[in-house]
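Only one structure is covered here, and it is reproduced in the block below.
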Amino acid sequence: MSLLTNATIGTLVAQFFLAAAGTLSFAILFACPRRLLPYCALVGGAGWLVYELAVLLGADSTTASLLAVIPLTLLTRVLAILLKAPVTVFLLPGIFPLVPGAGIYYTAYYFIQSNNALALSNGISTFKIAVALATGIALVLGIPLPHRRR
40 MSLLTNATIG
50 TLVAQFFLAA
60 AGTLSFAILF
70 ACPRRLLPYC
80 ALVGGAGWLV
90 YELAVLLGAD
100 STTASLLAVI
110 PLTLLTRVLA
120 ILLKAPVTVF
130 LLPGIFPLVP
140 GAGIYYTAYY
150 FIQSNNALAL
160 SNGISTFKIA
170 VALATGIALV
180 LGIPLPHRRR
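For the record, in the sequence shown the residue sitting at position 135 is 174 according to the numbering used here, with numbers rising by one throughout.
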């Protein structure tokens, strides 16, 4: 049985465009230059698409986040070079679909409700995702660029 049925592909395409729209919203909020807005949206959509594909193939959320942030960060570096812009213009809005906001919310919610077991469980999984995102970004941004002759 194939994992990529027509319904699954349709869902993935819809997820891509929704993530791109959300990323575009954050890029506008962060006052990214107008000419770079479509590229910011592309980065966010691409990262979320890789995340969804990893989950579809059986990865947990931490692994899927790591697998998604690596090509996302590579894409931001390529776009930064091609478009002569800082990496952060693409990276900051681009990782927003991957940031575990719901996990942070529920960790705080369960903590306030004195449900320490659920707060700890959500907190640990949220922390693991945040570390995976930071590790993936650091791995890619740590790759040295070739020197150009002037």
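Beta carbons: idealized from backbone N, C-alpha and C, even for Gly. Note that this is a predicted model, so its numbers are computed, not measured.
Asked	Found
Start-to-end residues for the alpha helix (DSSP H) that takes in Phe65	45-68
Cβ-Cβ distance between Gly175 and Val108 below 8 Å	yes
Which listed residue (Leu95, Ile120, Leu42, Cys79) has its alpha carbon closest to that of His186	Ile120
Assumed close pair Ser164, Gly142 - CB separation to whole angstroms, cut-off 8 Å	6 Å
Helix, strand or coil at Arg187 according to DSSP, with G and I counted as helix	coil
When Leu76, Thr101, Thr127 are compared against Pro139, the one with the closest alpha-carbon	Thr101
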